[in-house]
Structures are given as structure tokens and as C-alpha cells.
Amino acid sequence: GDSVTQMEGPVTLSEEAFLTINCTYTATGYPSLFWYVQYPGEGLQLLLKATKADDKGSNKGFEATYRKETTSFHLEKGSVQVSDSAVYFCALSDTGGYNKLIFGAGTRLAVHP
Amino acid sequence: DAGVIQSPRHEVTEMGQEVTLRCKPISGHNSLFWYRQTMMRGLELLIYFNNNVPIDDSGMPEDRFSAKMPNASFSTLKIQPSEPRDSAVYFCASAGQGNSPLHFGNGTRLTVT
Numbered sequence: 005g006d007s008v009t010q011m012e013g014p015v016t017l018s019e020e021a022f023l024t025i026n027c028t029y030t031a032t033g034y035p036s037l038f039w040y041v042q043y044p045g046e047g048l049q050l051l052l053k054a055t056k057a058d059d060k061g062s063n064k065g066f067e068a069t070y071r072k073e074t075t076s077f078h079l080e081k082g083s084v085q086v087s088d089s090a091v092y093f094c095a096l097s098d099t100g101g102y103n104k105l106i107f108g109a110g111t112r113l114a115v116h117p
Numbered sequence: 006d007a008g009v010i011q012s013p014r015h016e017v018t019e020m021g022q023e024v025t026l027r028c029k030p031i032s033g034h035n036s037l038f039w040y041r042q043t044m045m046r047g048l049e050l051l052i053y054f055n056n057n058v059p060i061d062d063s064g065m066p067e068d069r070f071s072a073k074m075p076n077a078s079f080s081t082l083k084i085q086p087s088e089p090r091d092s093a094v095y096f097c098a099s100a101g102q103g104n105s106p107l108h109f110g111n112g113t114r115l116t117v118t
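Protein sequence lines, in the order shown, are assigned to chains A and B.
Each residue of the first sequence is one higher than the last, beginning at 5 in our numbering.
Each residue of the second sequence is one higher than the last, beginning at 6 in our numbering.
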């Protein structure tokens with residue numbers, strides 16, 4: 005079945021460092037891809053999405069490009085802030101419809117001043 | 006837009022007791038999802054509804070778990086009887102038509118002692 009694999013955390017960075025969180029997927033069709041972020045004590049929030057190959061999703065300085073040839077959707081940010089500390093989830097939409105999402109295990113990011 | 010509203014935020018109960026978690030989706034959304042989040046298993050999809058009809062409940066762990074959606078603005082997840090291994094954060098999420106992203110509530114943290 006469809007699945008998502010993320011790099012294990014935690015990822016610990018200093019403020020203003022470059023961030024990459026790797027995500028690869030397995031899917032039988034052509035899913036949409038998402039990154040969600042979860043801050044402590046809160047639910048998941050959509051960070052960005054891409055709906056077809058070569059699309060780039062971007063939001064709040066974060067970017068991810070839908071790479072069909074490598075089945076990847078890596079999350080990047082050029083300069084992280086302490087406020088970016090959170091858990092990041094990569095997800096794909098089940099191609100069966102109904103907007104069902106399949107999530108990766110999540111990657112915890114800790115940014116220190 | 007009030008977002009997805011879940012209640013209670015925290016629930017502490019003793020083993021064997023019945024627990025009912027509640028969710029009010031975003032008005033106009035026609036899909037509703039119940040997820041469970043634990044450290045060991047990450048985010049697991051328990052059940053989802055479309056237009057108030059259960060579509061897939063294969064993620065419900067046992068017969069002790071049941072979910073209902075009596076109308077478009079309300080859903081419940083019930084555990085009877087509860088067990089300590091049910092301790093987790095339970096999230097409700099809703100989505101609109103088409104390729105629309107999921108919107109999550111802030112979750113209910115359940116502790117079964």
C-alpha cells in the first residue's frame with residue numbers, strides 16, 4: 005500500500021542554519037503531497053502542498069518540490085528560527101479519494117539560539 | 006472560521022470506564038477523520054466519514070472502539086471499556102470537497118489509569 009518515509013529525528017540546529025528534512029513516498033497512483041507542522045499541545049497545521057510532479061509548494065520560508073523521478077518531497081528552509089521548533093510530518097493523499105492522508109512518522113526539529 | 010473543535014481537551018479515566026470524545030468539523034466540510042497519535046505508533050487513521058457515512062473503519066483497533074456521525078456538524082468516538090493502552094492523543098480532522106487539505110482540531114489527550 006501507499007506509504008511515507010521520513011528521516012528520523014530529532015534534528016537539532018542553530019538559529020539561521022539551513023534545514024533539510026527528507027521525505028520519500030511509495031504510491032500506486034499520482035498523489036498530492038503535503039507537509040504539516042505540529043507545535044506543542046496543538047493539532048497539525050498544513051504548511052505547504054504540491055499536487056503534481058515538479059510543483060513546488062512554499063510557505064513561511066519553507067519549500068518542497070514534488071520529485072516524481074525520485075519519489076521525494078524534501079522540506080527545506082534557508083534560515084531557521086527558534087520559532088520553527090516543532091514536529092514536521094510529510095503526508096500523501098490516498099488516491100482512492102475522500103482526501104484521506106497517509107502520514108510519515110514525523111521529524112522533531114529543535115532550533116537553538 | 007472557528008476551526009475543528011474537539012472536546013474535552015484532556016480526559017483522565019479509570020480502566021473499564023466508557024469514554025466519549027467529541028468533534029465539531031468546520032462548517033461545509035463533508036469529510037471527517039479520526040486519528041490517534043502515540044509515541045510508539047505515530048499518527049494512525051482510525052476511521053473516516055464522507056457525507057456522514059462511515060467509509061473505512063479498518064483502522065479501529067478493536068470492537069471496544071466505535072464512532073458515529075449523526076449529522077454534518079458532530080461526530081463522536083467512543084471507547085467502552087477503556088484500557089490503559091488506549092492512552093493517546095486523539096485528533097479529529099475535516100476536509101472539504103475535491104483536493105482540499107485536512108484541518109485538524111487541537112486533540113483530546115486521553116489518559117486511562
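Here a beta-carbon is modelled for each residue, glycine too, at the ideal position from N, C-alpha and C.
Straight-line gap, residue i to residue j (C-alpha atoms, nearest Å)
{"i": "Gly44 of chain A", "j": "Ser105 of chain B", "result": "A small correction: the amino acid at residue 44 of chain A is Pro; Gly does not occupy that position in the sequence shown. If you take the alpha carbons of Pro44 of chain A and Ser105 of chain B, they lie about 25 Å apart."}
{"i": "Gln102 of chain B", "j": "Phe22 of chain A", "result": "36 Å"}
{"i": "Pro75 of chain B", "j": "Gly82 of chain A", "result": "47 Å"}
{"i": "Phe38 of chain B", "j": "Thr16 of chain A", "result": "32 Å"}
{"i": "Cys97 of chain B", "j": "Thr74 of chain A", "result": "32 Å"}
{"i": "Val117 of chain B", "j": "His15 of chain B", "result": "11 Å"}
{"i": "Ile84 of chain B", "j": "Thr32 of chain A", "result": "34 Å"}
{"i": "Tyr95 of chain B", "j": "Lys72 of chain A", "result": "33 Å"}
{"i": "Leu51 of chain A", "j": "His108 of chain B", "result": "11 Å"}
{"i": "Glu67 of chain A", "j": "Ile10 of chain B", "result": "29 Å"}
{"i": "Gly3 of chain A", "j": "Glu12 of chain A", "result": "Chain A is shown from 5 up to 117; residue 3 of chain A falls before or after that span and cannot be answered."}
{"i": "Asn35 of chain B", "j": "Pro117 of chain A", "result": "43 Å"}
{"i": "Ser92 of chain B", "j": "Gln42 of chain B", "result": "9 Å"}
{"i": "Gln85 of chain A", "j": "Asp6 of chain A", "result": "33 Å"}
{"i": "Gln22 of chain B", "j": "Glu20 of chain A", "result": "49 Å"}
{"i": "Met20 of chain B", "j": "Asn103 of chain A", "result": "34 Å"}
{"i": "Thr24 of chain A", "j": "Glu46 of chain A", "result": "23 Å"}
{"i": "Leu79 of chain A", "j": "Lys60 of chain A", "result": "10 Å"}
Residue i (DSSP reduced to helix, strand or coil)
{"i": "Val117 of chain B", "result": "strand"}
{"i": "Ser87 of chain A", "result": "helix"}
{"i": "Arg90 of chain B", "result": "helix"}
{"i": "Gly61 of chain A", "result": "strand"}
{"i": "Gly110 of chain B", "result": "coil"}
{"i": "Tyr70 of chain A", "result": "coil"}
{"i": "Arg14 of chain B", "result": "coil"}
{"i": "Ser76 of chain A", "result": "strand"}
{"i": "Ala21 of chain A", "result": "coil"}
{"i": "Lys104 of chain A", "result": "coil"}
{"i": "Val9 of chain B", "result": "coil"}
{"i": "Gln42 of chain A", "result": "strand"}
{"i": "Tyr34 of chain A", "result": "coil"}
{"i": "Thr9 of chain A", "result": "strand"}
Residue nearest to residue i in terms of C-alpha spacing, selected from the options
{"i": "Asp58 of chain A", "options": "A:Ser36, A:Leu105, A:Asp98, A:Leu50", "result": "A:Ser36"}
{"i": "Ala7 of chain B", "options": "B:Ser99, B:Thr81, B:Tyr40", "result": "B:Ser99"}
{"i": "Phe70 of chain B", "options": "B:Ser87, B:Ser78, B:Asn55, B:Ala77", "result": "B:Ser87"}
{"i": "Tyr40 of chain B", "options": "B:Ser32, B:Arg27, B:Gly33, B:His34", "result": "B:Arg27"}
{"i": "Leu64 of chain A", "options": "A:Asp88, A:Ala54, A:Gly47", "result": "The residue asked about is misnamed: residue 64 of chain A is Lys in this sequence, not Leu. Checked all of A:Asp88, A:Ala54, A:Gly47; the closest Cα to Lys64 of chain A is A:Asp88."}
{"i": "Gly33 of chain B", "options": "B:Asn55, B:Arg90, B:Ala93", "result": "B:Asn55"}
{"i": "Ser78 of chain B", "options": "B:Ile31, B:Gly47, B:Pro89, B:Val24", "result": "B:Ile31"}
{"i": "Ala114 of chain A", "options": "A:Tyr34, A:Lys56, A:Ser18", "result": "A:Ser18"}
{"i": "Phe4 of chain A", "options": "A:Ala90, A:Lys56, A:Leu48", "result": "This structure cannot speak to residue 4 of chain A, because chain A is shown only from 5 to 117."}
Taking contact to mean at least 3 C-beta pairs separated by less than 8 Å, is the region 108-115 of chain B in contact with the region 50-69 of chain B?
-> no
Could you say if the region 10-28 of chain A and the region 85-95 of chain A meet the contact criterion of at least three C-beta pairs nearer than 8 Å?
-> Flag = yes, the region 10-28 of chain A and the region 85-95 of chain A touch.
Three or more beta-carbon pairs under 8 Å between the region 62-76 of chain B and the region 36-51 of chain B, yes or no?
-> Touching, yes, given that three or more Cβ pairs across the two stretches are closer than 8 Å.
What residue ranges within the region 36-99 of chain B form continuous beta strand (DSSP E) runs of no fewer than 3 residues, ordered along the chain?
-> Taking only runs of at least 3 residues, the beta strand (DSSP E) segments lying wholly in the region 36-99 of chain B are 36-43, 47-55, 58-61, 70-76, 79-84.
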